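> My structure is below; once you've seen it, I'll send some questions.
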Amino acid sequence: MTRRLLLSYLALAILVLAGLELPLGWIYARAEISRASQGVERDASMLAEVTEENIEEGNLDALPDVVGDYATRTGGRVVVTDRQGIVLADSDPSGRTGISLAVEPDIARALRNQPTVATGDEALSATMPGSSGTTIRGALRLTYPMAEVNARVHRLWGALALAGACILAAVALAAFTLARWITRPLRTLEAATAQLAEGRLTEPPDTTTGPPELRSLAASFTHTATRLQQLLKAQQAFASEASHQLKTPLTALRLRLENFEPYLAPRAHGSLEEAIGEVERLSRMVQGLLALARLENSATTPEPVVLDTVIADRVAVWESLAAEQYVTLAVTGTRTGRVWALPGALEQVIDNLVANALRVSPPGTTVTLHRAPGAELHIIDQGPGMTEADRARAFDRFWRAAGSHHDGTGLGLPIVRHLVQASGGNITLHSAPGTGLDAAVRLRPVADGLPRDSSGHPRPGPASVTVP
């Protein structure tokens, strides 16, 4: 914004200077040419009178001295003819006397007692009749080069350009200072907004400089951000404390239910087991809420992790459980190398996705961990899959697909997405070829640089937690 304000001020200054200096320069140039033309005309009239007297008196030998002296003093060229147009004197050493100029228009007009003044690109000229009353005894042409006039005009344009440049420099300095003063609160406000977007506000915007409107805006933003942080901290504290407080009574409730078993009739044992199962699911849900609270309250920085090594380790852990369900785990694709991820995040992501895949995989099928170019990991099962509407809601907290009979809490995928996004990547769900679900995890290769926030700093993410 500083650059745009500076350019705006400079553009306005240029328009003002152009509106003032261009007409001034043009008027001066026209006036300079007019003065030079009038001077040439005046000098030509005076010389014409002098030469006419010499011609009348027959003193032709004095003509070269008259025109030569004038040419030496002024740099002009003087040509004198008699009444037939024959050249009597020429101040130019290369000029010839005795030739006729009667056919030239200006000489012909002067011999008819009609003066001529002409302004050209190269010279100014004035041709005057040498007459006494109506008696014409000759003509005089005075030619003055435009070089000196043009030099004076150019010097003026140079002076105007220099003055304009100095004014522009002064305007640029003042404009830059003013723009920096105006935009300083905006810059601090932008930095504070970026910090708040990352969940922290350590440097509030400056409320002491800048226009009053921006200072008021910065103060309002600081008040709003402070209030918002307080509300978020209160919400996170409530989720964390509530989860902690619920764990103990749930454990006690589960033990009491288990203690009822010897005293219940056999036909009530099924209901007791269902009740204990629901208590266990509620306990896992509380643990999931506690895990999310830890994710939101903690932060760390992504680190380089070898994805291939993590995949191999997790497959080795899950192979025995998969074999018990007659499901095969397969790793395909080319090696990926190092990616950016939170410490321990990839293990949790793969564990959650593999556990979900095994939960829905029929015996005799395969769960594939496919490594695609661009640091992508696809976990593909051959289960019933999900509809497009279910895939759109799969990352909502506590959401479970209609008709699902497993004892999940609906928090696994939200935690996975949180971990992936905090690592600088993203996760999406697609239909697998034929049947099943394809969970695509896209991470950032180490060659792409550390994931950063909007202010250019390394983007922190939540610390790793144990996902139930």
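Residue numbers for the sequence shown follow the working numbering, beginning at 2 and rising by one. We put the beta carbon where it would ideally sit given N, CA and C, even for glycine. Treat the numbers as computed from the prediction; the structure is a model and nothing was measured.
#1: Hey, would you say glycine 96 sits closer than 7 Å to leucine 143, going by beta carbons?
#2: Is it buried or exposed for phenylalanine 399, if we count other Cβ within 10 angstroms and need 16 for buried?
#3: In the stretch 35 to 103, which residue ranges form an unbroken alpha helix (DSSP H) of at least 4 residues, counting only runs that do not cross its ends?
#4: In the DSSP assignment, find the unbroken beta strand (DSSP E) run with asparagine 151 in it and report its ends.
#5: Would you please state the rounded distance, in angstroms, between the beta carbons of valine 355 and valine 340? I believe it to be under 8 Å.
#6: What does a CB cutoff of less than 7 Å around glutamate 22 pick up in its chain, not counting 5 residues either side in sequence?
#7: Identify the continuous alpha helix (DSSP H) that holds tryptophan 341 and give its terminal residues.
#8: In angstroms, rounded to a whole number, what distance separates the CA positions of isoleucine 277 and alanine 253?
#9: Apart from the five residues on each side of it in sequence, which residues of its chain come closer than 6 Å, Cβ to Cβ, to isoleucine 87?
#10: Serine 456 by DSSP, collapsed to three states: which one?
#11: Check leucine 430 in the structure and name its three-state DSSP category.
#12: According to DSSP, which residues form a beta bridge with arginine 443?
#13: With DSSP as the reference, label tyrosine 327 as helix, strand or coil.
#14: Please report how far the alpha carbon of threonine 249 lies from the alpha carbon of alanine 395, in whole angstroms.
#15: When you compare only the Cα positions, how much space is there between leucine 163 and threonine 120?
#16: When you compare only the Cα positions, how much space is there between leucine 370 and glycine 271?
#17: If we call anything under 7 Å between Cβ atoms a contact, is threonine 208 one with alanine 198?
#18: Comparing C-alpha positions only, which one of Leu247, Pro212, Ala433 and Gln196 sits nearest to threonine 227?
#19: With three or more C-beta pairs closer than 8 Å as the rule, is the stretch 65 to 74 touching the stretch 125 to 140?
#20: Whole angstroms is fine: what's the gap from phenylalanine 1's alpha carbon to glutamine 231's?
#21: Rounded to whole angstroms, what is the Cα-Cα separation between threonine 75 and leucine 64?
#22: Are there three or more Cβ pairs, one per stretch, closer than 8 Å when the stretch 172 to 188 is compared with the stretch 6 to 26?
#23: Could you give the DSSP three-state label for alanine 124: helix, strand or coil?
#24: Between glutamate 33 and valine 154, which are expected to be in contact by the criterion C-beta below 8 Å, what is the C-beta distance as a whole number of angstroms?
#25: How should valine 468 be labelled, buried or exposed, when 16 other C-beta atoms within 10 angstroms of its C-beta is the threshold for buried?
#26: By the three-class DSSP mapping on this structure, what secondary structure does arginine 268 have?
#27: Between Arg181, Glu204 and Phe222, which lies nearest to threonine 210 when the distance is taken from Cα to Cα?
#28: Would you grab the beta carbon distance between isoleucine 428 and valine 442 for me? Rounded to a whole angstrom, and I think it's under 8 Å.
#29: Quick check: what's the CA-CA separation for aspartate 391 versus serine 362?
#30: Does alanine 119 come out as helix, strand or coil in the three-state DSSP assignment?
#31: Expressed to the nearest angstrom, what Euclidean distance is found between the alpha-carbon atoms of threonine 333 and arginine 372?
#32: What's the gap between the Cα of alanine 346 and the Cα of glycine 375?
#33: Note down the Cα distance separating valine 67 from threonine 52, rounded to an integer number of angstroms.
#34: Can serine 217 and leucine 251 be called in contact, C-beta distance under 7 Å?
#35: Glycine 99 to leucine 141, Cα distance in whole Å?
#36: Apply the 10 Å Cβ neighbour rule to glutamate 348 and answer buried if 16 or more other Cβ atoms are within range, or exposed otherwise.
This is what the structure gives:
#1: Walking along the sequence shown from the start, residue 96 turns up at place 95. Walking along the sequence shown from the start, residue 143 turns up at place 142. It is not a contact, given that the beta carbons lie outside the stated cut-off.
#2: Numbered from 1 along the sequence shown, position 398 holds the residue referred to as residue 399. It counts as exposed.
#3: 64 to 75
#4: The residue labelled residue 151 in the question sits at position 150 within the sequence shown. First-last for asparagine 151: 148 to 198, but that is the alpha helix (DSSP H), not the beta strand (DSSP E).
#5: By 1-based counting over the sequence shown, the position of residue 355 is 354. By 1-based counting over the sequence shown, the position of residue 340 is 339. Contact doesn't hold; Cβ gap of about 18 Å is too wide.
#6: The residue you call residue 22 lines up with position 21 of the sequence shown. Taken in chain order, the residues that qualify are Leu161 and Gly165.
#7: One-based indexing of the sequence shown puts residue 341 at position 340. Looking at the DSSP string, tryptophan 341 is not in any alpha helix (DSSP H); the run it does join, the beta strand (DSSP E), is 339 to 342.
#8: Residue mapping note: residue 277 aligns to position 276 of the sequence shown, counting from 1. Residue mapping note: residue 253 aligns to position 252 of the sequence shown, counting from 1. Each residue's Cα considered, the two are about 11 Å apart.
#9: Residue mapping note: residue 87 aligns to position 86 of the sequence shown, counting from 1. Only Ser101 meet the Cβ criterion.
#10: Taking the first residue of the sequence shown as position 1, residue 456 is located at position 455. In this prediction, serine 456 has a pLDDT of 44, which is less than 50 and means its spatial position is unreliable; nothing more can be read from the coordinates.
#11: The sequence position of residue 430 within the sequence shown is 429, counting from 1. Here leucine 430 sits in strand by DSSP.
#12: Residue 443 sits at position 442 when you count from the first residue of the sequence shown. Beta-bridge pairing links arginine 443 to Glu377 and Asn427.
#13: Stepping through the sequence shown from its first residue, residue 327 is reached at position 326. Correct three-state label for tyrosine 327: coil.
#14: Counted from its first residue, the sequence shown places residue 249 at position 248. Counted from its first residue, the sequence shown places residue 395 at position 394. Approximately 30 Å between the Cα atoms of the pair.
#15: Residue 163 sits at position 162 when you count from the first residue of the sequence shown. Residue 120 sits at position 119 when you count from the first residue of the sequence shown. Each residue's alpha carbon lies about 29 Å from the other.
#16: Counted from its first residue, the sequence shown places residue 370 at position 369. Counted from its first residue, the sequence shown places residue 271 at position 270. Computed Cα separation, rounded: 38 Å.
#17: Translated into positions along the sequence shown, residue 208 becomes position 207. Translated into positions along the sequence shown, residue 198 becomes position 197. No, they are not a contact pair.
#18: What you label residue 227 is simply residue 226 of the sequence shown in a count that begins at 1. Nearest option by C-alpha distance: Gln196.
#19: no
#20: The structure shown has nothing for residue 1, since the chain only spans 2 to 469.
#21: Mapped onto the sequence shown, residue 75 falls at position 74. Mapped onto the sequence shown, residue 64 falls at position 63. Roughly 17 Å between the two C-alpha positions.
#22: yes
#23: Mapped onto the sequence shown, residue 124 falls at position 123. Residue state, collapsed to three classes: strand.
#24: As a position in the sequence shown, residue 33 is number 32, starting the count at 1. As a position in the sequence shown, residue 154 is number 153, starting the count at 1. Contact flag correct, Cβ pair sits at about 6 Å.
#25: Residue numbering aside, residue 468 sits at position 467 when the sequence shown is read from its first letter. Only weak support exists for where valine 468 lies, its pLDDT of 36 falling under 50; the coordinates are left without a value.
#26: Here residue 268 is taken as the residue at index 267 of the sequence shown, counted from 1. In this structure, arginine 268 counts as helix in the three-state DSSP scheme.
#27: As a position in the sequence shown, residue 210 is number 209, starting the count at 1. Considering only alpha carbons, the answer is Arg181.
#28: Position 427 of the sequence shown, counted from the first residue, corresponds to residue 428. Position 441 of the sequence shown, counted from the first residue, corresponds to residue 442. Contact holds; Cβ gap of about 5 Å.
#29: The sequence position of residue 391 within the sequence shown is 390, counting from 1. The sequence position of residue 362 within the sequence shown is 361, counting from 1. About 18 Å.
#30: As a working note, residue 119 is residue 118 in the sequence shown. If DSSP states are grouped into helix, strand and coil, alanine 119 belongs with the strands.
#31: Along the sequence shown, read from residue 1 onward, the residue named residue 333 stands at position 332. Along the sequence shown, read from residue 1 onward, the residue named residue 372 stands at position 371. Using only the alpha carbons, I get a separation of about 6 Å.
#32: Within the sequence shown, numbered from 1, the residue matching residue 346 stands at position 345. Within the sequence shown, numbered from 1, the residue matching residue 375 stands at position 374. Going from the Cα of alanine 346 to the Cα of glycine 375 covers about 19 Å.
#33: Here residue 67 refers to the residue found at position 66 when the sequence shown is read from its first residue. Here residue 52 refers to the residue found at position 51 when the sequence shown is read from its first residue. Their backbone Cα atoms lie some 8 Å apart in a straight line.
#34: Walking along the sequence shown from the start, residue 217 turns up at place 216. Walking along the sequence shown from the start, residue 251 turns up at place 250. Against a cut-off of 7 Å, the Cβ pair of leucine 251 and serine 217 comes out as no contact.
#35: Within the sequence shown, numbered from 1, the residue matching residue 99 stands at position 98. Within the sequence shown, numbered from 1, the residue matching residue 141 stands at position 140. Whole-angstrom Cα-Cα distance: 15 Å.
#36: One-based indexing of the sequence shown puts residue 348 at position 347. Result: buried.
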